[in-house]
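This report concerns only the one structure given below.
Residue numbers (our numbering): 175 to 426.
Written as structure tokens, this is what we have:
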């Protein structure tokens, strides 16, 4: 009998798959058997090489997610290349840092548009294809510790990730009966481009590590198991859940 975690024959659309968490998730899904449609601004050369080395297919779909104009093209391109989409991982994200007293509207819109607005409308576009085909699918949104906490100097990021968790639950309520699983992963503090400023700040880096029971920053591969679970048949009765992968941060 096939493993419930087996993704052989599935096609996963992963945004922001060229580096960091998106790359880790894409490679983990490929290890489980999925082909990867990698969405982003730049060629995901390293991700593609790792996916192809696993014997899976990989296609780059060039797109920006700072507005919704590319959404339909993303879905059409992935479907044209692979014939279908089975999994959507809304991973692409950006961050702007400034004191709340000085935060600008541009910094607000830039983050909300990528992290929240595009994630919703890409989910809508993919789900419409599933409903039209009378079949289900898996959506995994990449939330954050700031879906639970306030953070410091990241007003729009906190708002976007809190909103993304809310949207995850709303879509689960609406789409669970259609066979569509919508869930979220909340990464803790991971060593990525978005956290480089924190890791380079000796005071903040020390304070963060002291709060993490595991005693280290996470690496992109640490998200792999959670992603495979939520994208596979093993999670068929899991709807609207958020799975923290945080080294114990929330338990502290």
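Glycine included, C-beta positions come from ideal geometry on N, C-alpha and C.
Here the structure is a predicted model, which is why all the values come from computation and not from measurement.
Assignment of beta-bridge partners to residue 189 by DSSP yields 213. In the three-state scheme derived from DSSP, where H, G and I count as helix and E and B as strand, residue 207 is classed as coil.
DSSP, reduced to helix, strand and coil, places residue 195 within a helical segment of the structure shown. The beta carbons of residue 252 and residue 235 sit about 6 Å from each other, so the pair counts as a contact at 8 Å. Each of 245, 331, 309 and 395 was checked against the Cα of residue 294, and the nearest Cα belongs to 245. Per the Cβ contact rule, the stretch 195 to 211 is in contact with the stretch 387 to 405 (3 or more Cβ pairs under 8 Å).
With fewer than 16 other CB atoms across the displayed protein chains lying within 10 angstroms of its CB, residue 219 is exposed. Note that the stretch 371 to 385 does not touch the stretch 346 to 353; fewer than 3 beta-carbon pairs, one per stretch, sit closer than 8 Å.
Counting C-beta pairs with one atom in each stretch, the stretch 266 to 283 and the stretch 406 to 418 have fewer than three that are closer than 8 Å, which means they do not touch. Judged by beta-carbon spacing, residue 297 lies beyond the 9 Å limit of residue 248, meaning their Cβ atoms are not closer than that value.
Inter-residue distance for residue 310 and residue 208 is about 16 Å (C-alpha atoms, whole angstroms). Per DSSP, the beta bridge partners of residue 364 are 392.
Only buried fits residue 239, as 16 or more other CB atoms lie within 10 angstroms of its CB. Here the C-alpha atom of residue 214 lies approximately 31 Å from the C-alpha atom of residue 422. Per DSSP, residue 349 is one residue of the alpha helix (DSSP H) stretching across 329 to 349.
In this structure, the beta-carbon distance from residue 355 to residue 316 does not fall below 9 Å. Annotation: residue 331 to residue 363 spans about 14 Å, alpha carbon to alpha carbon. Ranked by Cα distance from residue 261, the options 337, 323 and 181 are led by 181. A residue is called buried once 16 or more other Cβ atoms fall within 10 Å of its Cβ, and residue 197 is buried on that count. Of the candidates 189, 241, 231 and 217, the residue whose Cα lies closest to the Cα of residue 206 is 231. Given a length threshold of 3 residues, each whole run of the beta strand (DSSP E) inside the stretch 213 to 237 is given here in chain order: 232 to 236. The shortest CA-to-CA distance from residue 217 to any of 410, 190 and 386 is the one to 190. If you check the CB distance, residue 358 and residue 338 come in under 9 Å. Burial check for residue 229: the Cβ neighbour count within 10 Å stays below 16, so the residue is exposed.
Look at residue 184 here: in three-state DSSP terms it is coil, with no helix or strand label.
With a threshold of 16 other beta carbon atoms within 10 Å, residue 194 meets it and is buried.
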